[in-house]
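This report refers to the structure that appears directly beneath it.
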Amino acid sequence: MNIHLNTKISKYHLGLILSSLMVLTGIIVLYFLPHTIIVTKEEHQSTVKTNMKITVFSSPIIIDNNTDFAIQAVSNGWSGDGSTGNPYILENLEVTSLTTGTHAISIQNTNVYFIARNNTLSTTESFSSGMYLNNVHNGIIRNNMANSNSDYGFYLESSSNNSFFNNKADSNTNHGFYLRDSSNNTLNNNTANNNNDIGFYIRDSSNNTLNNNTANYNYNGFYLWPSSINNSLSYNTANNNNNYGFTVSSSSLNNVLSYNTANYNLFSGFYLVSLSSNNMLSQNTANYNYRGFYLSATSTNNTLNNNTAISNTQYGLYLTTFSSNNNLSFNYIGNNSLYGIFIDSGSANTRITNNTFVNNNNASTQALSYEGNTIFSFNFWSDHISPDTDSNGIVDTAYVIEGTCTCQDITPVTTPYHKIPDTTAPTITIISPVATTYDTNSVTIIYTISEDVTITVYVDDIITAVTNSSLLEGLSDGIHSLTIKAVDNAGNVASSEVIFTIKTLSSGTFTSSNSNSSSSSTSSTKNTQFTNTSPSFTVTTLVLLGIILIPVIRYKRRKH
85 MNIHLNTKIS
95 KYHLGLILSS
105 LMVLTGIIVL
115 YFLPHTIIVT
125 KEEHQSTVKT
135 NMKITVFSSP
145 IIIDNNTDFA
155 IQAVSNGWSG
165 DGSTGNPYIL
175 ENLEVTSLTT
185 GTHAISIQNT
195 NVYFIARNNT
205 LSTTESFSSG
215 MYLNNVHNGI
225 IRNNMANSNS
235 DYGFYLESSS
245 NNSFFNNKAD
255 SNTNHGFYLR
265 DSSNNTLNNN
275 TANNNNDIGF
285 YIRDSSNNTL
295 NNNTANYNYN
305 GFYLWPSSIN
315 NSLSYNTANN
325 NNNYGFTVSS
335 SSLNNVLSYN
345 TANYNLFSGF
355 YLVSLSSNNM
365 LSQNTANYNY
375 RGFYLSATST
385 NNTLNNNTAI
395 SNTQYGLYLT
405 TFSSNNNLSF
415 NYIGNNSLYG
425 IFIDSGSANT
435 RITNNTFVNN
445 NNASTQALSY
455 EGNTIFSFNF
465 WSDHISPDTD
475 SNGIVDTAYV
485 IEGTCTCQDI
495 TPVTTPYHKI
505 PDTTAPTITI
515 ISPVATTYDT
525 NSVTIIYTIS
535 EDVTITVYVD
545 DIITAVTNSS
555 LLEGLSDGIH
565 SLTIKAVDNA
575 GNVASSEVIF
585 TIKTLSSGTF
595 TSSNSNSSSS
605 STSSTKNTQF
615 TNTSPSFTVT
625 TLVLLGIILI
635 PVIRYKRRKH
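Residue numbers (the numbering used here): 85 to 644.
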């Protein structure tokens, strides 16, 4: 009898223990499972960082001459001997300067060969730059980051024959790249964005080459001043700056700017000012600025040809304050809100020939001049293309220029020199689905587009491989969006969207499947029977089962 009773008691305790363990295990797993995932991710990130070969310098690197360079190369383990074939290599360094007026890396008075690459340079105090080179020659600066410094990103002074490739100088207090009294340097594929002053500042510097650089969201993009001579700037971009895209100022002569882009700048795309003469601007683009190309303050003998100025708020070309003897030819000037070209008094002997003027000044007179000594000839004016009775390509009547100059283009041509850009966006019409509620899980997609375009279709903001007149199946109950985006051959973009609802359930509410929707509601019984198969669902079931078993076991114990 006692043996039988002890057996029952043991089973009771065993069941109670097992059910309690189920509850406890479920609670522990529910509490720790999310934290385990996060820790794993952090450990992985830590491993990646540990494997990177970074040398951290908590104090600046200061090199004063060739001998000092050799000594520091040995003490810091930098490879190379400073020769042409075996340059010093400063790489994978993280250097921070915490002292006012001290740069992260400062190199002066050297002509040995070196490469500084893959370094991160930062300063915290005033008048301190990421990298400072003074009287330095034969350096290659590649793939470095000098961001958020309290002065300049990269500062090059009295230096020559250096090359800067693929560096970033963003969000610095003053300039991104600053060249002063420096010549014969090359800057290619560098980025200087969001600096408080100038992206690329060329001061008293000559014979430098800047190609494929980007200077966006600064105060000025590229700035040559003063007496910066024979510099070449090609294929650079200066967009969305708070002043000018490209500025050539104060007796900066004989510079060549070609194939550059300056769009969406607050004032002008290209600005020549203060005795800046004999410069060549060719194949540049200045769109969506306040002014496209602006010549001012005795900027003379400049040549602007084959440039484009479209959709600027004021003028495409603006010459003022004695900017004389300039040549403007084969430029495309279109859709500027005011005049395509404005010549102010004193800007004499300017020749405007063989240009294409299209739809400027809201299709009114496209040119304005207050300077009588201005020559207009053989230009295309979109508002004056006939008559041409002898079919010689010259309109029979002169094109009259507005203003006090009493100027005319006596040889306006009937055919533009440029292909007139297509600035009209395609038209998209979605025929099906429409903005309504459907009681089926599939809809037919039908749309029309006005021209040949590249189409991207989004369903609930996800790119979907469906074609016109095809059936879109498997839609869940809820609110859905269909968006069609089209890009034509000229790069014009259009989009059209329709919001529709799928509701196949006879009762209850539903949850929107639109990823952008912030609303939610309870699903019906039919929808939720098999939806939750996550680990948390299984653990919750385990906890509930344990809680249920405890009173059952106790009840059986009381019966005995």
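Where a beta carbon is used, it is the ideal one built from N, C-alpha and C, also for glycine. What you are looking at is a predicted structure, and each value in this text was computed from that prediction instead of being measured.
query	result
Per the DSSP calculation, residue 304 is bridged to which residue(s)?	282
For the segment 531 to 538 against the segment 494 to 504, are there 3 or more C-beta pairs whose distance is under 8 Å?	no
Tell me, to the nearest whole angstrom, how far the beta carbon of residue 288 is from that of residue 312; I am working on the premise that it is less than 8 Å.	6 Å
From residue 234 to residue 253, what does the alpha carbon distance come to, in whole angstroms?	12 Å
If you run the structure through DSSP and keep just helix, strand and coil, what is residue 254?	coil
Using a 10 Å radius around the Cβ and a threshold of 16 neighbouring Cβ atoms, would you call residue 493 buried or exposed?	buried
Could you give the DSSP three-state label for residue 150: helix, strand or coil?	helix
Thinking C-alpha only, which one of 367, 436, 586 is nearest residue 412?	436
Tell me residue 465's beta-bridge partners as DSSP assigns them.	441
Grab the span of the beta strand (DSSP E) containing residue 572 for me, first residue to last.	562 to 572
For the ligand PLP, I want to know if residue 178 counts as a neighbour, meaning its beta carbon is within less than 7 Å of at least one of the ligand's heavy atoms.	As for the ligand PLP, it is missing from this structure, which has no ligand bound.
In terms of alpha-carbon separation, which member of 302, 278, 301, 322 lies closest to residue 294?	322
By how many angstroms is the C-alpha of residue 433 removed from the C-alpha of residue 283?	35 Å
Here's a check: name, in chain order, each residue in its chain whose Cβ is nearer than 6 Å to the Cβ of residue 446, leaving out the five neighbours to either side.	none
Going by DSSP, what residue range makes up the beta strand (DSSP E) through residue 219?	215 to 220
What residue from 465, 408, 584 has the CA that sits closest to residue 521's CA?	584
I'd like to know if residue 429 contacts chain B, where contact means its C-beta is closer than 8 Å to some C-beta of that chain.	In summary, chain B is missing from the structure at hand, where a single protein chain is found.
Is it true that the segment 467 to 477 meets the segment 415 to 434, where meeting means three or more beta-carbon pairs spaced less than 8 Å apart?	no
Using CA atoms only, rank isn't needed, just tell me which of 581, 486, 465, 487 is closest to residue 477.	465
Comparing alpha-carbon positions, which option in 416, 516, 550, 259 lies nearest residue 277?	259
Would you list the one or two residues that DSSP bridges to residue 192?	218
Would you call residue 519 buried or exposed, if buried means 16 or more other Cβ atoms sit within 10 Å of its Cβ?	exposed
What residues in its chain sit with their C-beta under 7 Å from that of residue 51, if we drop five residues either side in the sequence?	Here the chain has residues from 85 to 644 only, and residue 51 is not among them.
The beta strand (DSSP E) with residue 207 in it runs from where to where?	204 to 207
State the DSSP-derived secondary structure class of residue 580, mapped to helix, strand or coil.	strand
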